[in-house]
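Numbering (the working numbering), first residue to last: 1 to 467.
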Amino acid sequence: MEKLLIIDDNSDLRQQLKWGLGEDYTVLLAADVNEGIGLFKKNQPRVVILDLGLPPHVDTSVEGFRGLAELLELDPYVKVIMLTGNSERENALRAMQLGAYDFFPKPPVINEMLVVLRRAFYISTLEDQNRALQRKIEEKSNESGGMIGHCPEMLSLFSTIKKVAPSDVSIFITGENGTGKELVAKAIHEASLRKKGPFVPINCGAIPDNLLESELFGHEKGSFTGAHAQVQGKLQYADKGTLFLDEIGELPFNLQVKLLRFLQEGVIQRVGGRQDIPIDTRTVCATNVDIAKAIKEGQFREDLYYRSSVISINLPPLRERGDDILMLANYFLRVFNKEYQKKVRRFSSASIDFLKSYDWPGNVRELQNRVQRAILMSDAAALEPSDLGCKMELSALMEDTVPIISLREARDKVELEMISAAIDRQHGNVVRAAEELGVSRPTLYDLMKKHSLTPLSSTEKAVDQMP
Ligand SMILES: Nc1ncnc2c1ncn2[C@@H]1O[C@H](COP(=O)(O)OP(=O)(O)OP(=O)(O)O)[C@@H](O)[C@H]1O
Ligand SMILES: [Mg+2]
1 MEKLLIIDDN
11 SDLRQQLKWG
21 LGEDYTVLLA
31 ADVNEGIGLF
41 KKNQPRVVIL
51 DLGLPPHVDT
61 SVEGFRGLAE
71 LLELDPYVKV
81 IMLTGNSERE
91 NALRAMQLGA
101 YDFFPKPPVI
111 NEMLVVLRRA
121 FYISTLEDQN
131 RALQRKIEEK
141 SNESGGMIGH
151 CPEMLSLFST
161 IKKVAPSDVS
171 IFITGENGTG
181 KELVAKAIHE
191 ASLRKKGPFV
201 PINCGAIPDN
211 LLESELFGHE
221 KGSFTGAHAQ
231 VQGKLQYADK
241 GTLFLDEIGE
251 LPFNLQVKLL
261 RFLQEGVIQR
271 VGGRQDIPID
281 TRTVCATNVD
291 IAKAIKEGQF
301 REDLYYRSSV
311 ISINLPPLRE
321 RGDDILMLAN
331 YFLRVFNKEY
341 QKKVRRFSSA
351 SIDFLKSYDW
361 PGNVRELQNR
371 VQRAILMSDA
381 AALEPSDLGC
391 KMELSALMED
401 TVPIISLREA
411 RDKVELEMIS
421 AAIDRQHGNV
431 VRAAEELGVS
441 RPTLYDLMKK
451 HSLTPLSSTE
461 KAVDQMP
C-alpha cells in the first residue's frame, strides 16, 4: 500500500481521516510541522495532506506555508494537498503557486478526498516515469555529443555521426539558425580519432572580407601595409584536428578558389608567401543559406561544394521534431534551475501548449533562451506562457479573425506583432530587438523580410530621439 502522511493539529480530524482513508493507504499521522517532517524523512511518502493553520500559529497560514516549503525542499516532487478553512481561499491559491498540488476545503468529505488522492498518486507515478525517461535520454545524449533528440530524424543523425566521424571525409551541415550545426560539428570532432587535436571554428560571416584571407591562410611580413610580422593562419591551427568553417556560404568567391585548392591538395600558402604549408585536418562546413540556390545563382562554387560535402547532413527545424521540443524544454529547465539555483519544477499545461504550437523560427537556441530567461525571472513552481515571452493577446487575435483563420495565419499574425513591437521598443535597433526576441540577428532579418518590415531609417531614428 502507498504511504500517506497527514499533518493536522485537530486530533478528531486526524482520526476521522485515518479511519476513512486507512483501507486504501498506510496512513501516517502528525500533529505539527516538526513531527510531520520527521515522519516524512523516515517514510518518504509521495503524497502529504497538510493543514494550513498549525500550532503555534493556528490562526494564520504561517506554519502551513513553512511546512509546504520544507516538504518541497526535501522532495521537490512530493504532492502536497492543503487542508483549508472557508476563509482561506486566497492562501490556498498562494500555496498552489508555491508548489502545492491541490487544496481541499474543511471539513473533508472522504469520498471526494479519495478521488483527489488517487489522482495525486497517479500523477506522481506518471511524473516519476517521465523523469526516468528524460534521464535516460539525457544520459544517452552524452553518447551523441550532448545533443538531446529522440525523433526519427535526430536518431538517424546520431547514427550518421557515429558512422562518419572516424573517417576523414569532409562534412557539410545545413540547417536553419539555431538548429545545432555547431554542436553537430563538435560531436563529429569528439567522436573522431582527432578528438585529442584542436577543434577550430571559423565564422566566415563574422570577419570582414578584406581580413578574411589573411585570417584563414596567414600572411608573410611585409605582404601588405600593416603586415609587420609573419602571422599564422587559422587553418594552420587546425593541424591534426578539425576545422569548422561556419557560414561557409559567406565566403567571398576568390577565397572559395583558394579553399578548394587547400581541400584538394592539403596545403596552403600564406598571403605574400610561396611556400606550400601542409595541413592535416578534417573539414566540416556549415551554412543556413540555401546552398543549391547559391550555386545556381553563381555565388557558391559547385566544385567547392562537392569537395566539401562528401557527406551532407541536414538538421531539421525544431518545429518538425515533435516531442523533442518538450524534451529539450525540460532539459533546459533542469540546466538553468541548477545554474541559477532556482526551483521551477515544470511547465504549466498552457505553456506546454505554447511550446508545442509555436513556430520556433530561432529553433533550439530560441527555446534555450526563452527557458533561460523564464527561469531567471520566475519565482513560481510552474512556468506560464507569459514567462516564456508568449505575449499574444489571444482575445485580440480572435476579434478580427472571423472567419476562422488557419493556425499558420494566426502564428504569422502573432509573429508580425511581436517583431514590430520589439523593433519599436528598441527604436529600430535590430541587434537589440533580436536579443529581446531570443533569435539571432540573421533570423530576425529573415523574418522582417518575410513580413516586409524595415527598421527605422536613420533619419527617423534621429527624429525619434529628439527631445
Ligand atoms: N539537440 C540539442 N540538444 C541540446 N542542445 C542543443 C541541441 N541543439 C542545439 N542545442 C543548443 O542550442 C544552441 C544553438 O546551437 P548551435 O550553435 O549548434 O546552432 P547553429 O545551428 O550553429 O546556430 P546558428 O545558425 O545560429 O549558428 C547551443 O547552445 C546548443 O548547445
Ligand atoms: Mg552556428
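Ideal placement from N, C-alpha and C gives every residue a C-beta, glycine not left out.
query                                                                                                   : result
Whole runs of the alpha helix (DSSP H) within the stretch 94-179, excluding any shorter than 4 residues : 110-143, 152-164
Residue nearest to I188 in terms of C-alpha spacing, selected from I202, P208, S159, N203               : S159
Residue nearest to T174 in terms of C-alpha spacing, selected from H228, N314, G272                     : N314
Under 7 Å, CB to nearest heavy atom of ligand 2: contacting residues                                    : K181, E182, D246, A286
Integer-rounded CB distance, given that V231 should sit under 8 Å from H219                             : 5 Å
DSSP state of I49 mapped onto helix, strand, coil                                                       : strand
Three-way DSSP call (helix, strand, coil) for S312 in this model                                        : strand
G178 CB to nearest heavy atom of ligand 1 below 7 Å                                                     : yes
Enclosing beta strand (DSSP E) for A286 [first to last residue]                                         : 282-287
Strand pairing of A382, partner residues [DSSP]                                                         : R346
Euclidean distance between Cα positions of R373 and A350                                                : 18 Å
Same chain, Cβ closer than 7 Å to I60, neighbours up to 5 away in sequence not counted                  : In the sequence on display, residue 60 carries Thr and not Ile. Cβ neighbours of T60 beyond the five flanking positions: G53.
Backbone secondary structure at T242 - three-state DSSP                                                 : strand
Cutoff 7 Å; reference V402; Cβ partners in own chain excluding five residues on either side             : Only weak support exists for where V402 lies, its pLDDT of 47 falling under 50; the value from the coordinates is given anyway. Taken in chain order, the list of residues that qualify is empty.
Per DSSP, the bridge partner or partners of A30                                                         : I7
Check: Q15 C-beta below 7 Å from any heavy atom of ligand 1                                             : no
Rounded straight-line distance, which links the Cα of L50 to that of K450                               : 54 Å
Ligand 1 heavy atom lying under 7 Å from the CB of V364                                                 : yes
F199 in three-state terms, based on DSSP                                                                : strand
Opening and closing residue of the alpha helix (DSSP H) in which V257 lies                              : 253-265
Pair within 8 Å by beta-carbon distance, K234 and E215                                                  : yes
Any non-hydrogen atom of ligand 1 closer than 7 Å to Q372 Cβ                                            : no
Option nearest A92 by Cα separation, candidates L74, F65, S223, I137                                    : F65
Between the CA atoms of D359 and R432 - distance to the nearest angstrom                                : 21 Å
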